[in-house]
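Here's the structure, in structure tokens; my notes come after.
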Ligand code: ITT
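Here it is, written out as structure tokens:
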């Protein structure tokens, strides 16, 4: 089954291709839609992932999956949350991470709790099937930027039970436990049952 991923983020496509079960072929929408962007003005991850899936699916006229994700830091009331990609928009991730670390200066480890969240949506414009699931991973914000692997905020996120950041742990370790892994495991299990779902509806 070929499904397009409604994203312009190549790292997400790589991770989801590592996570997917055999039998699915996931392609990036950027391979066929140039300069197409969805206005992500939702207040929640789920709103944004539904919006990305529906708008992209209607343009492509083909089944799509979308991923809206981000980092929520408890002591900052969930910031940057749905603004993870857009806050300090023209700055690099190094600058964004430095800004966050400055805000958490003098905050002890146990109060640096955070989570990565991923909302994944499937939409098929041919029969209007739509479903969304969510995955998360809890952890802590490190005291400095550590490691070069992964993307975005990986170098400041230490998963619960680990001592290294995602940036240090690397892609294989991340893909076994990440918010994206949890969300897309659920999504792919539902997709494997789609013929049954469509008989019911
Ligand atoms: P698309 O909307 O085109 O999919 P995007 O990068 O703009 O790409 P989001 O709007 O979902 O995606 O923003 C998610 C941001 O949250 C992302 O750019 C990273 O900064 C951060 N993020 C999400 N998942 C992450 C992960 O696994 N590791 C590190 N940072 C992550």
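Residue numbers (my numbering): 2 to 202. Built from N, CA and C at the ideal position, the CB exists for glycine as well.
Supposed close pair residue i, residue j - CB separation, criterion 8 angstroms
{"i": "residue 58", "j": "residue 71", "result": "Their Cβ separation, rounded to whole angstroms, is 22 angstroms, which puts residue 58 and residue 71 out of contact at 8 angstroms."}
{"i": "residue 53", "j": "residue 69", "result": "6 angstroms"}
Rounded separation between residue i and residue j - CA only
{"i": "residue 32", "j": "residue 111", "result": "43 angstroms"}
{"i": "residue 100", "j": "residue 157", "result": "12 angstroms"}
{"i": "residue 193", "j": "residue 147", "result": "38 angstroms"}
{"i": "residue 89", "j": "residue 96", "result": "9 angstroms"}
{"i": "residue 142", "j": "residue 128", "result": "43 angstroms"}
{"i": "residue 162", "j": "residue 175", "result": "13 angstroms"}
{"i": "residue 20", "j": "residue 10", "result": "16 angstroms"}
Cβ neighbours of residue i in the same chain (closer than 8 angstroms, five flanking residues each side left out)
{"i": "residue 201", "result": "The predicted model places residue 201 with a pLDDT of 48, which falls under 50 and marks its position as unreliable, so this point remains unresolved."}
{"i": "residue 98", "result": "146, 154, 156, 157"}
Classification of residue i by the beta-carbon crowding that lies within 10 angstroms, buried from 16 upward
{"i": "residue 155", "result": "buried"}
{"i": "residue 13", "result": "buried"}
{"i": "residue 16", "result": "buried"}
Where residue i falls: helix, strand or coil (DSSP)
{"i": "residue 81", "result": "strand"}
{"i": "residue 208", "result": "Residue 208 cannot be examined here, being either before or after the span of the chain that is shown, 2 to 202."}
{"i": "residue 88", "result": "coil"}
Own chain residues within Cβ distance below 6 angstroms of residue i, not counting five before or after
{"i": "residue 136", "result": "119, 180, 183, 184"}
{"i": "residue 206", "result": "Nothing can be reported for residue 206: it is not among the residues displayed for the chain, which extend from 2 to 202."}
{"i": "residue 116", "result": "73, 137, 139"}
Contact with chain D by residue i, beta-carbon distance below 8 angstroms
{"i": "residue 139", "result": "Note that chain D does not occur in the displayed structure, where there is just one protein chain."}
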